[in-house]
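A.B. asks: Heads up: the sequence lines are chains A and B, in that order.
For the first sequence, the residue numbers in our numbering are 1034 to 1315.
For the second sequence, the residue numbers in our numbering are 4 to 281.
Virtual Cβ for every residue (Gly too), placed ideally from N, Cα, C.
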Amino acid sequence: MIGQSPLRTFIAHAVLILGILIVAFPIYYTFVASTHTLQTILRPPLPLLPGGQLWNNYGEALFGGIGRIGGVSVGTLLLNTTIMALGVAAGKIFISILSAYAIVFFRFPLRMTFFWLIFITLMLPVEVRILPTYKVMVDLGMIDTYAGLIIPLIASATATLLFRQFFMTIPGELVEAARVDGAGPWRFFFDILLPLSRTNIAALFVILFIYGWTQYLWPLLVTNSNDMNTIVIALRKMVSFADADTEWHLVMVTAMLAIVPPILVVVLMQRWFVRGLVESEK
Amino acid sequence: MAPQLAITLVFFYWPAGQALYQSMLRQDPFGLRTKFVWFANFRKVLADPAYLNSIQVTVVFSLATAIVAMGVALLLAVMAEKAVRGKGLYRTLLIWPYAVAPAIAGMLWLFLFNPSIGSLAYLLRSLGIAWDPLLNGTHAMILLVSAAAWKQISYNFLFFVAGLQAVPKTLIEAAAMDGAGETKRFWTIVFPLLAPTTFFLLVVNTVYALFDTFGIVHAVTGGGPGKATETLVYKVYNDGFVNLILGDSAAQSVILMAIVIALTAIQFRYVERKVHYG
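1. Where does D1260 of chain A fall in DSSP's three states?
2. Measure the beta-carbon distance from L324 of chain B to V81 of chain B and round it to whole angstroms, keeping in mind my assumption that it falls under 8 angstroms.
3. What alpha helix (DSSP H) runs, 4 residues minimum, are completely inside the segment 100-187 of chain B?
4. Thinking C-beta only, is Y211 of chain B closer than 8 angstroms to Q155 of chain B?
5. Under 8 angstroms between C-beta atoms, does F189 of chain B make it to chain A?
6. Would you say G34 of chain B lies against chain A (beta-carbon separation less than 8 angstroms)?
7. If you draw a straight line from the alpha carbon of M1302 of chain A to that of A253 of chain B, how long is it in whole angstroms?
8. Once DSSP output is grouped into helix, strand and coil, what is the label at L1237 of chain A?
9. Starting from M82 of chain B, trace the alpha helix (DSSP H) both ways and give me its first and last residue.
10. Comparing C-alpha positions only, which one of A:A1066, A:L1040, A:I1060 and A:N1257 sits nearest to V1171 of chain A?
11. Below 7 angstroms between beta carbons is the criterion; list the residues of the segment 94-108 of chain B that meet it against any residue of chain A, in chain order.
12. Note down the Cα distance separating N56 of chain B from A1118 of chain A, rounded to an integer number of angstroms.
13. Can you find a C-beta in chain B that's less than 8 angstroms from the C-beta of W1246 of chain A?
14. Residues in the segment 52-73 of chain B with C-beta within 8 angstroms of chain A's C-beta atoms, listed in sequence order?
15. Tell me which same chain residues have a C-beta within less than 6 angstroms of the C-beta of F214 of chain B, skipping the five on either side of it?
16. For S1067 of chain A versus M1271 of chain A, is the C-beta spacing smaller than 8 angstroms?
17. Measuring CA to CA, which of A:V1286, A:V1284 and A:Y1244 is closest to T1115 of chain A?
18. Determine the DSSP secondary structure at S1132 of chain A, reduced to helix, strand or coil.
19. Determine the chain A residues that contact A83 of chain B at a beta-carbon separation under 7 angstroms, and present them in chain order.
20. Residues in the segment 142-174 of chain B with C-beta within 8 angstroms of chain A's C-beta atoms, listed in sequence order?
21. Excluding five sequence neighbours on each side, which residues of the same chain lie with their C-beta closer than 6 angstroms to the C-beta of Y280 of chain B?
22. Grab the span of the alpha helix (DSSP H) containing T1174 of chain A for me, first residue to last.
23. What is the rounded straight-line gap between the Cα of T1191 of chain A and the Cα of L1040 of chain A?
24. Buried or exposed for D242 of chain B, please, with buried defined as at least 16 other CB atoms from any protein chain shown within 10 angstroms of its CB.
25. Counting only beta-carbon separations shorter than 8 angstroms, does D31 of chain B have a partner in chain A?
26. Is T95 of chain B buried or exposed, if buried means 16 or more other CB atoms sit within 10 Å of its CB?
27. Does the distance from the C-beta atom of L97 of chain B to that of F163 of chain B stay below 8 angstroms?
28. Using the C-alpha atoms, what's the distance from L1250 of chain A back to I219 of chain B?
29. Do S157 of chain B and P100 of chain B count as a contact pair if the criterion is CB distance below 8 angstroms?
30. Chain B partners of P1295 of chain A, CB-CB under 7 angstroms?
31. Starting from the beta carbon of T1063 of chain A, find every residue of chain B whose beta carbon is closer than 8 angstroms, and list them in chain order.
32. Which residues of the segment 1173-1188 of chain A have a Cβ closer than 7 angstroms to any Cβ of chain B? Give them in chain order.
33. Would you report the Cα separation of F1200 of chain A and Y1134 of chain A, rounded to the nearest angstrom?
34. If you draw a straight line from the C-alpha of G1215 of chain A to the C-alpha of L205 of chain B, how long is it?
35. Hey, quick one: how far does the alpha helix (DSSP H) through P199 of chain B stretch, first residue to last?
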């Protein structure tokens, strides 16, 4: 190993700390703002240290005075978002593990055609086909439902590809051995394939949970009534820079509540997260 | 297999087909008559100065975001490689913006830089800079780029760290023995070896800037002031859902699809060379 001068090591640490400050500052400042009174926020500059309104603000946002987000409590919003994130993650993993299983281990007519049909979807995010997809949702009566929030986001190929890639690395001998021991296709799937893919599933779950949680455009379109909003959308509706009506201290509390759950997921499941991210994209 | 196929057909191919079909229709303002006009919508969209402006905005925005996000991330990753102690901690502290929704990221930055209450805007003003992202298009763009890049740094950081770890230490040591200084080692050995990662990230970041940043644009500027920050995706949304010019919006969707397919094709040509199935 090459030796390093202490000075260079010092510079490295300094740059990293500076980077972390930049990266963390907006979030930290949001937290600070969420602990001050509205009056303090409206008179910049805001102090750098948290104020004394922590319990008041959070209490007010969570339990009282929430006629502001269209009469919907923060709890409902968080619940909606959680359902959506979990639904997207679970649904996507479910359908894609099944398809990957079928594509890799079974030979049936048009197999490759189906594979390409799914594969092409990889290229087109929801954003490019919003209007027609919206029309389909209206036709199917899925506006303002959880199904409408979740299902269109499931229709994408990333997870399928990842599972396919993983299944292809499973040696043929293992499949043979299972067959010799008399395991049917379902038995093989549940007793061998699922346990083997546990880490992949965990990794994907984290990624997809974040993906579901941070969706913006789709929930914005599909939910009309306020009590189906996700917290990100509701937050957007609370903020108005034009008039002085915005209750910034409550907005900041809501923002914290919207940010913290996914951050917790990422930090606590960091190992899976990093793995899933680096692998699913390569 | 069947469930995914069904969902894909209903929520993907059906809408995509409709987009294609609709992009060739023209409706009168009251939706009473519809006429099949072949490619007239495309011609109209492509000749529209507002659309050309939007393309320009998108290119500037995407490039700036990709360059800023990747530059900062690369710097941090190289530094993290050097700082042996505390690497895990640094990584943990650097990855969390990934979990922040783009729209919220945008709002946080707007909160910091809002001319009337933002603390950093206050700081800028006291430095004598007439900062106003709500009126000045360039300022609005800078704000958007910062917010978008900020959110993407953690992602790029993780990939650069992974890429750096794959660079063989023997090469670096050999160069060091030949007397190459640290800067020289980086530019002549490490950086070229990182090229695949860099290229991959460039594509991913461009796609990110093109699509995932809708939330940022919508939450922060709403395409304004004027049309200074109206990106392509925002324009599709605006024309389709706000102005209800369905034919134009569909034509724009189709153009966007073409762009994404081209980008993905580039990416996969590269990926296919690297991926080996066991």
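C.D. replies: If we stick to the structure as given:
1. Reading the first sequence from its first residue, position 227 is the one you call residue 1260 of chain A. In the structure shown, D1260 of chain A sits in a helix (DSSP, three-state: H, G or I).
2. In this structure chain B extends from 4 to 281, so residue 324 of chain B is not present and cannot be described.
3. 105-116, 122-129, 140-168 and 172-180
4. In the second sequence, the residue the question calls residue 155 of chain B occupies position 152. In the second sequence, the residue the question calls residue 211 of chain B occupies position 208. Contact flag set, yes.
5. The sequence position of residue 189 of chain B within the second sequence is 186, counting from 1. No, F189 of chain B lies away from the interface with chain A (no Cβ there is under 8 angstroms from its Cβ).
6. Within the second sequence, the letter at position 31 stands for residue 34 of chain B. Interpretation of G34 of chain B is limited by its pLDDT of 49, a score under 50 that renders its predicted location unreliable; the figure taken from the coordinates is listed afterwards. No, G34 of chain B lies away from the interface with chain A (no Cβ there is under 8 angstroms from its Cβ).
7. Counting from 1 along the first sequence, the entry for residue 1302 of chain A is found at position 269. Counting from 1 along the second sequence, the entry for residue 253 of chain B is found at position 250. Looking at the two C-alpha atoms, the distance is approximately 40 angstroms.
8. As a position in the first sequence, residue 1237 of chain A is number 204, starting the count at 1. Looking at L1237 of chain A - three-state DSSP - the assignment turns out to be helix.
9. As a position in the second sequence, residue 82 of chain B is number 79, starting the count at 1. It spans P52 to K85 - the alpha helix (DSSP H) in which M82 of chain B sits, taken as one unbroken run.
10. Walking along the first sequence from the start, residue 1171 of chain A turns up at place 138. V1171 of chain A has its Cα closest to that of A:N1257, out of A:A1066, A:L1040, A:I1060 and A:N1257.
11. T95, L96, L97, I98, W99, P100, Y101, A102, V103, A104, P105, A106 and I107
12. Taking the first residue of the second sequence as position 1, residue 56 of chain B is located at position 53. Taking the first residue of the first sequence as position 1, residue 1118 of chain A is located at position 85. Approximately 36 angstroms between the Cα atoms of the pair.
13. Residue 1246 of chain A sits at position 213 when you count from the first residue of the first sequence. Yes, contact with chain B.
14. none
15. Residue mapping note: residue 214 of chain B aligns to position 211 of the second sequence, counting from 1. So the list reads V236, once near-sequence residues are dropped.
16. By 1-based counting over the first sequence, the position of residue 1067 of chain A is 34. By 1-based counting over the first sequence, the position of residue 1271 of chain A is 238. No. Outside cutoff.
17. Numbered from 1 along the first sequence, position 82 holds the residue referred to as residue 1115 of chain A. Minimum Cα distance to T1115 of chain A is reached at A:Y1244.
18. Position 99 of the first sequence holds residue 1132 of chain A. S1132 of chain A falls in the helix class under three-state DSSP.
19. By one-based count along the second sequence, residue 83 of chain B stands at place 80. What A83 of chain B touches in chain A: L1049.
20. W153, I156, S157, Y158, L161, F162, A165 and K172
21. Start at 1 with the first residue of the second sequence, and residue 280 of chain B comes out as number 277. Only weak support is given to the placement of Y280 of chain B: the predicted model assigns it a pLDDT of 39, under 50, and the question is left unresolved by the model.
22. As a working mapping, residue 1174 of chain A is identified with position 141 in the first sequence. First, the residue type needs correcting, since residue 1174 of chain A is Gly and not Thr in the sequence shown. Unbroken run through G1174 of chain A: none, as it is neither H nor E.
23. Walking along the first sequence from the start, residue 1191 of chain A turns up at place 158. Walking along the first sequence from the start, residue 1040 of chain A turns up at place 7. Distance between the alpha carbons of T1191 of chain A and L1040 of chain A is about 44 angstroms.
24. The residue labelled residue 242 of chain B in the question sits at position 239 within the second sequence. Classification of D242 of chain B: buried, given that the 10 Å Cβ count is 16 or more.
25. Taking the first residue of the second sequence as 1, we reach residue 31 of chain B at position 28. Caution applies to D31 of chain B, whose pLDDT of 49 falls short of 50 and renders its modelled position unreliable; the value that the coordinates give is listed next. Judged by the 8 angstroms Cβ criterion, D31 of chain B is not in contact with chain A.
26. The count along the second sequence starts at 1 and reaches residue 95 of chain B at position 92. It is exposed - the Cβ of T95 of chain B has fewer than 16 other Cβ atoms within 10 Å.
27. The residue you call residue 97 of chain B lines up with position 94 of the second sequence. The residue you call residue 163 of chain B lines up with position 160 of the second sequence. For L97 of chain B and F163 of chain B, no; Cβs fall outside 8 angstroms.
28. By 1-based counting over the second sequence, the position of residue 219 of chain B is 216. By 1-based counting over the first sequence, the position of residue 1250 of chain A is 217. Roughly 10 angstroms between the two C-alpha positions.
29. Taking the first residue of the second sequence as 1, we reach residue 100 of chain B at position 97. Taking the first residue of the second sequence as 1, we reach residue 157 of chain B at position 154. Contact flag set, yes.
30. Mapped onto the first sequence, residue 1295 of chain A falls at position 262. By Cβ distance, chain B contributes A102.
31. Taking the first sequence and counting its residues from 1, the one referred to as residue 1063 of chain A is at position 30. By Cβ distance, chain B contributes L111 and F114.
32. I1184, P1185, I1187 and A1188
33. Position 167 of the first sequence, counted from the start, is the residue given in the question as residue 1200 of chain A. Position 101 of the first sequence, counted from the start, is the residue given in the question as residue 1134 of chain A. Distance between the alpha carbons of F1200 of chain A and Y1134 of chain A is about 7 angstroms.
34. Your numbering for residue 1215 of chain A matches position 182 in the first sequence. Your numbering for residue 205 of chain B matches position 202 in the second sequence. C-alpha separation (whole angstroms): 49 angstroms.
35. Counted from its first residue, the second sequence places residue 199 of chain B at position 196. Taken as a continuous stretch (DSSP letters only), the alpha helix (DSSP H) holding P199 of chain B covers A198 to V210.
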